[in-house]
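Novice: Residue numbers (my numbering): 65 to 157.
Glycine included, every Cβ here is placed at the ideal spot set by N, Cα and C.
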């Protein structure tokens, strides 16, 4: 089974693409949390596990955590991140 990792930095509007953001500014949000990301992953229909004590390599001084996604064998990581970002934006509205 494929496991994908989604870091909050992927969706963070305060970061540039070179700093780790993977979505467009339209889908980015300020200070995304692992709880929001996990909820969005579950809304899409995949299993999500939160690992709070992890730090993204480009932000090694911040322990924002990460979300491990299981069961997303049928989509690419980019498609998964884009869908999660869209759900997080919708949840905040």
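May I have the straight-line CA-CA distance separating residue 115 from residue 89, to the nearest angstrom?
Specialist: For residue 115 and residue 89, the distance between alpha carbons rounds to 26 Å.
Novice: Where residue 111 and residue 155 are concerned, what is the direct C-alpha to C-alpha distance, given to the nearest angstrom?
Specialist: Rounded to the nearest angstrom, the two C-alpha atoms are 18 Å apart.
Novice: If you run the structure through DSSP and keep just helix, strand and coil, what is residue 119?
Specialist: In the structure shown, residue 119 sits in coil (DSSP, three-state: anything other than H, G, I, E or B).
Novice: Go through the stretch 73-149 residue by residue and report every complete run of the beta strand (DSSP E) that reaches 3 residues or more, in order.
Specialist: If we require 3 residues or more, the beta strand (DSSP E) runs fully inside the stretch 73-149 come out as 111-115 and 130-134.
Novice: Can you tell me whether DSSP reads residue 152 as helix, strand or coil?
Specialist: It is helical.
Novice: In angstroms, rounded to a whole number, what distance separates the CA positions of residue 147 and residue 106?
Specialist: The straight-line gap from Cα to Cα measures roughly 11 Å.
Novice: Is the Cβ-Cβ distance between residue 152 and residue 104 less than 8 Å?
Specialist: Going by C-beta atoms, residue 152 is nearer than 8 Å to residue 104.
Novice: Which residues mark the beginning and the end of the beta strand (DSSP E) in which residue 66 is found?
Specialist: That residue, residue 66, is in no beta strand (DSSP E); it is neither H nor E in DSSP.
Novice: Quick one: Cα of residue 121 to Cα of residue 137, how far?
Specialist: Looking at the two C-alpha atoms, the distance is approximately 25 Å.
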